[in-house]
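Engineer: Going by the numbering used here, the sequence shown opens with residue 677, and the numbers climb by one from there.
Every residue, glycine too, gets a C-beta built ideally from N, C-alpha and C.
Fair warning: this is a prediction, and the values are worked out from it, not measured in the lab.
Please read through the structure below; I'll follow up with questions.
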Amino acid sequence: MVKLVITDLDGTLLNDDKHIPSENIIALKEAMEKGVHVSVATGRNFHSAKSYIQELGLDVPVIFQNGAFIYQWMEDKVIYKSVLDCKIAERIIRIARENKLFYIVYIDFLEEKDMYIDTDYNGEFSKYLEQNTWRLNKVDDVTKYFLNREYIAEIALVGDEIIIQKVIEKSLKGYEKDTSVVKNNKINSETFYEVFGPNSSKELSFDYLLKHFKVKPEETMYLGDSFNDIGMLKIVGYPVVMENAHDEVKKYAKYITKSNNEAGVGYAIRKWVLKG
């Protein structure tokens, strides 16, 4: 029996126009009315996910930025935060520059305009930048904006996966225990990786939700579509993957639901939670 539903946002709860289909909202609210707990685990930061959390009416802990930040926004309660040391961040950027790799600095978990770049980008993830222009600061040197700080939220590396892995290996040598690396997404020839502070992943943060809701992993349904969802899919009793997901991610599904553009979350809730 499903007692807790956790859903990813992009590619899962949201359609490609970045809206929540009404069928998803209705099904999740029906589940909540029947006593099923609902939360979200997303790679987004709080401000970019806030409107969706509000739309669902969730006053519960939510996993943001791939597990680096757990926040209950109505209570303004920070439950967990893992930060990236600025000395490590500077090292990552220096080696990324040497390899002509595009990077994004995310300065803080609760700062609305949190993204900093200092080079132009035109590639597979250009749409991501376009959709986040309201968060974006284009500056001459991103390191100037954090070297007086103790920490930042994260750094993203975008481009050829082999080059990214080379940069990560070189820049994090000796700092493996102080960092977490998350492969977020891949579009054609380019991959989007993120580097966080220690113990940052959706699956590690999952323990906090289990304790909060007093449920077990086998009583939990997780819905996702991308590489950063694999850890969660491995440990829940009801791993649900979207039809639009990467084939590699589908290997970890017990159930395949309809695509994000076909309200696949709502379909899964009705088929395996409300009728379960």
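1) Per the contact definition of three or more C-beta pairs closer than 8 angstroms, is the region 749-756 in contact with the region 685-703?
2) For the pair the region 781-792 and the region 844-858, tell me if three or more CB-CB distances fall below 8 angstroms.
3) In the DSSP assignment, the beta strand (DSSP E) including I793 goes from what residue to what residue?
4) Determine which residues share a DSSP beta bridge with V858 and list them.
5) DSSP has P915 in a bridge; who is on the other side?
6) For K930, which of E919, N937 and N936 has the nearest alpha-carbon?
7) Would you check if the distance between the CB atom of P697 and the CB atom of A939 is smaller than 8 angstroms?
8) Please classify K878: is it buried, with 16 or more other beta-carbons within 10 angstroms of its beta-carbon, or exposed?
9) Within this structure, are the beta carbons of Y779 and A832 separated by less than 8 angstroms?
10) If you draw a straight line from the C-alpha of S902 to the C-alpha of R825, how long is it?
11) Just to confirm my understanding: we take D854, look at its own chain, exclude 5 residues before and 5 after, and list those with CB closer than 6 angstroms. What are they?
12) Residues bridged to K814 by DSSP?
13) For A765, which three-state DSSP category applies?
14) Per DSSP, what kind of secondary structure is Y928 in: helix, strand or coil?
15) Looking at C-alpha atoms only, which residue of G835, L734, V759 and V781 is the closest neighbour of E709?
16) Give a yes or no on whether the C-beta atoms belonging to M791 and Y782 are separated by under 8 angstroms.
17) Closest to V843 by CA distance: which of L823, R767 and M677 is it?
18) What distance in whole Å lies between the Cβ atoms of G942 and N700, which are believed to be in contact at a cut-off of 8 angstroms?
19) Reducing DSSP to helix, strand and coil, say where K951 ends up.
Structural biologist: Reading from the atomic positions:
1) The answer is no - the region 749-756 does not touch the region 685-703, with fewer than three Cβ pairs under 8 angstroms.
2) As far as the Cβ criterion goes, the region 781-792 does not touch the region 844-858, which means the pair count is below three.
3) It spans M791 to I793 - the beta strand (DSSP E) in which I793 sits, taken as one unbroken run.
4) DSSP output for V858 lists E870 as bridge partner(s).
5) As DSSP reads the structure, P915 sits in a beta bridge with Y898.
6) Distances from the alpha-carbon of K930 to those of E919, N937 and N936 put E919 closest.
7) A contact, by the Cβ cut-off of 8 angstroms.
8) Buried, because 16 or more other Cβ atoms sit within 10 Å of the Cβ of K878.
9) Contact: yes.
10) S902 and R825 have their alpha carbons spaced roughly 32 angstroms apart.
11) Hits under 6 angstroms: P874.
12) Looking at the DSSP output, K814 sits in a beta bridge with I793.
13) Here A765 carries a helix assignment [DSSP, helix/strand/coil].
14) If DSSP states are grouped into helix, strand and coil, Y928 belongs with coil.
15) Of the candidates G835, L734, V759 and V781, the residue whose Cα lies closest to the Cα of E709 is L734.
16) Yes, these two residues count as a Cβ contact at 8 angstroms.
17) Sorting L823, R767 and M677 by C-alpha distance to the C-alpha of V843 places R767 at the top.
18) That pair is a contact at about 4 angstroms.
19) Under the three-state reduction of DSSP output, K951 falls in the coil class, being neither helix nor strand.
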